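In order, the protein sequences belong to chains U and L.
The letter at position 144 of the first sequence is residue 144 when you use our numbering, and the numbering goes up by one with no holes.
The letter at position 59 of the second sequence is residue 59 when you use our numbering, and the numbering goes up by one with no holes.
Even for Gly, the Cβ is constructed at its ideal location relative to N, Cα and C.
Since this is a predicted model, take the numbers as computed values, not measurements.
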Amino acid sequence: MLGSDLVMYEEEFKQIDAELQRLLQQANAKVVFLVDKNGQLIAATGETENLDTTSLASLTAGNIAATGGMAKLLGEKEFSILFHEGQRDNIHISIISQRVILVVIFDQRSSLGLVRLRVKKSTETLGNIFNQLLQKVEHEKVSGKREESPFAEITDEDIDKLFG
Amino acid sequence: MSFINYSSREINCKIVFYGPGLCGKTTNLQWIYKKTNPDSKGKMISLATETERTLFFDFLPLALGEIRGFKTRFHLYTVPGQVFYDASRKLILKGVDGVVFVADSQIERIEANIESMENLRVNLAEQGYELEKIPFVVQYNKRDLPNIVPSSELRCALNPRNVPDFDAVATEGTGVFDTLKSIAKLVIMELKKGHEA
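Set out below in structure tokens:
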């Protein structure tokens, strides 16, 4: 179970953030964010100030999970793209490397065609970064080398303090 | 499956409240939401039917403070308890770090509790988890009602492994934070174990 924990390092985070910003610009989007399939927000960029990205992340993951369940019932591996059209804003959701979810929110300043095209390009780049990240995590696990772990010297007292 | 972000120095964990229909899973989350400092919580999302039965899940993000300089966030989820929502329950268990089983203490719900516990075991196994190996606590809810089974009997039926368990009246908040604190502690200790291994 713990073997599949998601870990994010500074270096990869910067690369991901840069790619999301590039996608935001090139797709003329309002917001772009990445979510773990379990609903944890990984990174977000764009007009996020008035947006509840935590809730959006959780609902996106629920959406993908439900769609994945439907896919299985139909004998499909997954439905890799979802699109929700609104009166003002639209949401384009796609799966990267079967593990993370890329969400693009856009309005009339962009179009579905443009978003799809740019997402396709970014999917490859982001997929590579995540593969690199997974390899790094695996490598550090094997070599026993880690960044300072926040858990190494954790005490009962630390945990009690969390609840004030 | 926790998410440790060294870049933003955050730890995110997922806790799922499981149990039979109408046992009080949503009520637990509502109490936690009501009693938590506005700075440390996000919006509570409830995907429910018109009659306020959980349809897919409730979601409450909770920021608990820092451990060794890492912001610690717990994402609390409930599952829909009604038997026929099993497909949805399975989805919500994906990537879970810890489970709270909320039991309904009323005599007529004992069978429903046992069935739901078995369902939890099966659904966890489908995701590759063993109930015996993940952080797990049990809550005996509705202790204020007249027609209840003694906690000792519930323990026999639902908690043979003797994991931490708590009497609760979720509508009044009794036992709610004790349960949360206990599961949070187990989840963090499990993460620690994983990092020592």
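Counting along the chain, Arg-9 of chain L sits inside no alpha helix (DSSP H), nor does DSSP assign it H or E at all. A direct Cα-Cα distance of roughly 11 Å separates Leu-191 of chain L from Ile-134 of chain L.
Residue nearest to Glu-132 of chain L within the set L:Asn-159, L:Arg-143, L:Arg-155 is L:Asn-159 (criterion: CA-CA distance). Scanning its chain for C-beta atoms nearer than 8 Å, with the 5 sequence neighbours on each side dropped, one finds around Asp-107 of chain U the residues Lys-30, Arg-88, Asp-89, Asn-90, in chain order. Ser-151 of chain L is not bridged by DSSP to any residue.
The continuous stretches of beta strand (DSSP E) do not include Ala-168 of chain L, and DSSP gives it neither H nor E. Fully contained in the stretch 2-54 of chain U are the following alpha helix (DSSP H) runs of length 4 or more, in chain order: 10-26. Of all C-beta pairs linking the stretch 6-19 of chain L to the stretch 96-105 of chain L, three or more are shorter than 8 Å, placing the two stretches in contact. The DSSP-derived three-state label of Val-79 of chain L is coil. A Cβ-Cβ separation of about 26 Å leaves Ile-67 of chain L out of contact with Asp-58 of chain L under the 8 Å criterion.
Close to Phe-70 of chain L, with beta-carbon spacing below 8 Å, are these residues of chain U in chain order: Pro-150. The beta carbon of Lys-41 of chain L does not come within 7 Å of any beta carbon belonging to chain U, so the residue lies off that interface. The stretch 23-39 of chain U and the stretch 57-76 of chain U touch, with no fewer than 3 CB-CB distances between them shorter than 8 Å. At least one beta carbon of chain U lies nearer than 7 Å to the beta carbon of Pro-61 of chain L. Between the stretch 176-189 of chain L and the stretch 144-162 of chain L, the count of C-beta pairs closer than 8 Å stays below three; the two stretches do not touch.
Put simply, the CB of Ser-2 of chain L is near chain U, with a gap under 7 Å to one of its CB atoms. Residues of chain U whose Cβ lies closer than 8 Å to the Cβ of Gly-98 of chain L do not exist; the shortest such Cβ separation is about 11 Å. With respect to Leu-55 of chain L, Leu-47 of chain L sits close: the two C-beta atoms are nearer than 7 Å.
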